[in-house]
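In the working numbering, the protein residues as written are 719 to 811.
Right, dumping it as structure tokens:
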């Protein structure tokens, strides 16, 4: 399996995608928010760095957490969304 195939989140053993965006700042902000709550996370960026395009499947950025942190992460991201309003849209992938 290619690590960058398709537009859906990749299946990564023991990790679950909790956010999918095409704006890097939003994903970084969510990652920092989770880190402040001691929830580990990693970003998978499918953006083609050779182009400044932020639409389509080659521009998606995913936020993953270990499976055992999924509920805490989703709850924290919902709190973040409540704090900042609808600016981030729907956080779930």
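Idealized CB from N, CA, C, for every residue including glycine. Computed from a predicted model, the values in this text were never measured in an experiment.
Using a Cβ-Cβ cut-off of 6 Å (strictly less than) and excluding sequence neighbours within five positions of residue 735, which residues of its own chain qualify? So the list reads 727, 780, 782, 811, once near-sequence residues are dropped.
Nearest to residue 790 by alpha carbon, out of 729, 740, 757, 762? For the residues 729, 740, 757, 762, the minimum Cα distance to residue 790 belongs to 757.
Starting from the Cα of residue 744, find the closest Cα among 784, 761, 729, 733 and give me that residue. When only C-alpha atoms are compared, the closest one is 761.
Do you know whose CA, among 793, 786, 798, lies nearest residue 731's CA? Of the candidates 793, 786, 798, the one whose C-alpha sits nearest the C-alpha of residue 731 is 786.
Terminal residues of the beta strand (DSSP E) in which residue 739 lies: Element bounds for residue 739: 733 to 739.
Under the three-state reduction of DSSP, which class applies to residue 750: helix, strand or coil? Annotated three-state conformation of residue 750 is helix, per DSSP.
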